[in-house]
């Protein structure tokens, strides 16, 4: 018999011990990976209901709407769930110049060289800043 | 002063309480999101050193090489790390017909409709099976 979690049509998120699922965020137009974040049940519910991305911050232990500080909100164009329902994927329209709090479009701006042993020296890739985080986040 | 984790060039993975980082896996050619998995320090080390994808299974609590049962290995074309170094992204050459243990190319074969409340009915998308998992995994 087929597994209802994998083959069924009822959304049944498998939250981890901290009550979270992983969320992969890509640009709906370019396909670029923008960020990886987490959602608790409330963030997932708000995202589905509103079509705007909400997350749960593991460091701040708080629900947050993407863009609430920066204005760089994300409109969800499509959401998908994976086979075992412990990860979701949202394709978003990223408002403003970037998704990363460091001032870049994507959080993935450093490459890890392969076929290496020992300490690994990262290499910047697509790392130009598209906005000044100090100006965006330190508004009085 | 800039944060060495975010702006530095030393790979310093921030493993969670279970010793894991999240790994996003995309097809290097098409850009398609194939799967989301986890890596512990050993899986990350083996992936970097070998250029082949290794993961840590949270359900089986075991290190595994992608494709060790199915033959559907993944050659890593590029690896990146995110701003706070708790997630990595690998672009892979997927060998064989698919990455998902359910018999599909990608694990993300169901869409979550938006602007809904209450119980959510998923919709199959790109859900055709590209291989028969029973034949691939139940080999004697």
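Protein chains in written order, with the working numbering: chain R, 1 to 140; chain U, 141 to 280. From the three backbone atoms N, C-alpha and C, an ideal C-beta is built for every residue, glycine too. These numbers come from a predicted model, not from an experiment.
At a cut-off of 8 Å between C-beta atoms, residue 255/U counts as an interface residue with respect to chain R.
Separation of residue 47/R and residue 38/R (C-alpha to C-alpha, rounded to the nearest whole angstrom) is 12 Å.
Exclusion of the five residues before and after residue 197/U leaves 204 as the residues of its chain whose Cβ lies within less than 6 Å of its Cβ. Scanning its chain for C-beta atoms nearer than 7 Å, with the 5 sequence neighbours on each side dropped, one finds around residue 112/R the residues 120, 122, in chain order. Our two residues, residue 3/R and residue 101/R, have alpha carbons roughly 39 Å apart in a direct line. By the neighbour-count criterion, in which a residue is buried when 16 or more other Cβ atoms sit within 10 angstroms of its Cβ, residue 174/U is buried. For residue 204/U, no Cβ of chain R is located within less than 8 Å of the residue's own Cβ.
Cβ-Cβ separation between residue 176/U and residue 87/R: approximately 4 Å, consistent with a contact (criterion under 8 Å). Note: residue 128/R is not bridge-paired with any residue in the DSSP secondary-structure output.
Following the DSSP letters along the chain, one finds residue 77/R inside the beta strand (DSSP E) bounded by residues 74 to 81.
For residue 54/R, no Cβ of chain U is located within less than 8 Å of the residue's own Cβ. When secondary structure is reduced to three states using DSSP, residue 202/U falls in the strand class.
Around residue 110/R, the same chain offers 122, 123, 124, 125, 127 as residues with beta carbons nearer than 8 Å, after the five sequence neighbours per side are excluded. Beta-bridge annotation (DSSP): residue 38/R is paired with 22/R.
Residue 19/R is outside the set of residues whose beta carbon lies under 8 Å from a beta carbon in chain U. Put simply, of 114/R, 22/R, 30/R, 103/R the residue whose alpha carbon is nearest the alpha carbon of residue 136/R is 103/R.
Residue-level contact by beta carbon fails for residue 213/U and chain R, as no gap is shorter than 8 Å. Taking 8 Å as the cut-off, the Cβ atoms of residue 22/R and residue 91/R do not count as close. With respect to chain U, the C-beta atom of residue 5/R has no partner C-beta closer than 8 Å.
Shown here, residue 250/U sits in a strand according to DSSP, grouped into three states.
Around the Cβ of residue 160/U, a 10 Å sphere holds 16 or more other Cβ atoms; the residue is buried. With 16 or more other Cβ atoms from the protein chains shown falling within 10 Å of its own Cβ, residue 43/R counts as buried. Beta-bridge pairing by DSSP links residue 48/R to no other residue.
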